[in-house]
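Asks: Residue numbers 0 to 219, in numbering that gives the first Met the number 0, belong to the letters of the sequence shown in order.
Heads up, the beta-carbon is just placed ideally off N, CA and C, and yes, glycines get one too.
If you scroll down you'll find the structure; I have some questions about it.
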Amino acid sequence: MAILYALVARGSVVLSEFSATSTNASAIARQILEKIPGNNDSHVSYSQDRYIFHVKRTDGLTVLCMADETAGRRIPFAFLEDIHQKFVRTYGRAVHSAQAYGMNEEFSRILSQQMEYYSNDPNADRINRLKGEMSQVRNVMIENIDKVLDRGDRLELLVDKTTNMQGNTFRFRKQARRFRSTVWWRNVKLTLALIILLIVIVYVVLAFVCHGLALPSCLK
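Shown next, in the form of structure tokens:
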């Protein structure tokens, strides 16, 4: 099974979780929740042995899963996006005031079902390729979880790098649009200049021809 553990939390308060196997994933996940600073949106991944912890934080709600490293990133983050949408759609504003494990009895079954689907159903990957849901997952940073837990400032640095990379991507796109606009105007100006030059050449040729036709009549 590719995805082995998942939880949904508000800050460090776990609202629902499910584990498909006996591991220490729950303990590590709680340490990750405590180390992630602030409430800024983020998409990050951290490695622990042959497992990867993928984290998606949006509007203060954190969805986390532990997956086998062979699962890659697209499927786990597609799973996180799906779980986030289902959780918000199911509970709405209640997520902002719910007690710890307030949704666990009901939503843990959904976590289990979706973990099974994204781990074993080949359509899961195919559907997400077509939908393009993972276009938002870019510049994901990966760091060994032991280093993150040993050094409290490391996690903040990784999140900042992700934010900076996203900002650089935005600036690059803006510069690319500006460059395309500049090239377009340059082509327009060049085209107009060629048209004007062609008109001048035609005018000079016509004037020369007309002058040549009028000269014999003058000689008479």
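#1: What ranges does the alpha helix (DSSP H) occupy inside the segment 13 to 72, keeping only unbroken runs of at least 4 residues that lie completely in it?
#2: Can you say whether Tyr90 is buried or exposed, counting buried as having 16 or more other CB atoms within 10 angstroms of its CB?
#3: Could you check if Pro121 is buried or exposed, using at least 16 other CB atoms within 10 Å of its CB as the buried criterion?
#4: Given that a residue counts as buried once 16 or more other Cβ atoms are within 10 Å of its Cβ, and exposed if not, what is Glu104?
#5: How long is the line joining the alpha carbons of Tyr117 and Cys64, rounded to whole angstroms?
#6: Between which two residues does the alpha helix (DSSP H) carrying Tyr220 extend?
#7: Counting C-beta neighbours from all protein chains within 10 Å, is the total for Arg9 16 or more, i.e. buried, or is it exposed?
#8: Where does Ala77 sit, in a helix, a strand or coil, going by DSSP?
#9: If you draw a straight line from the C-alpha of Met114 to the C-alpha of Ile27, how long is it?
#10: The beta strand (DSSP E) that contains Tyr4, what's its start and end?
#11: Identify which residue in Arg177, Val13, Leu193 has its Cα closest to the Cα of Gln30.
#12: In chain order, what residues of the same chain have a beta carbon less than 6 Å from the beta carbon of Ser97, not counting five sequence neighbours either side?
#13: If we call anything under 8 Å between Cβ atoms a contact, is Leu3 one with Ala66?
Replies: Well, looking at it:
#1: 24 to 34
#2: buried
#3: exposed
#4: exposed
#5: 12 Å
#6: Shown here, the chain extends from 0 to 219; a query on residue 220 therefore has no answer.
#7: buried
#8: helix
#9: 19 Å
#10: 2 to 9
#11: Val13
#12: It should be pointed out that residue 97 corresponds to Ala in this sequence rather than to Ser. Here the set comprises Leu14.
#13: yes
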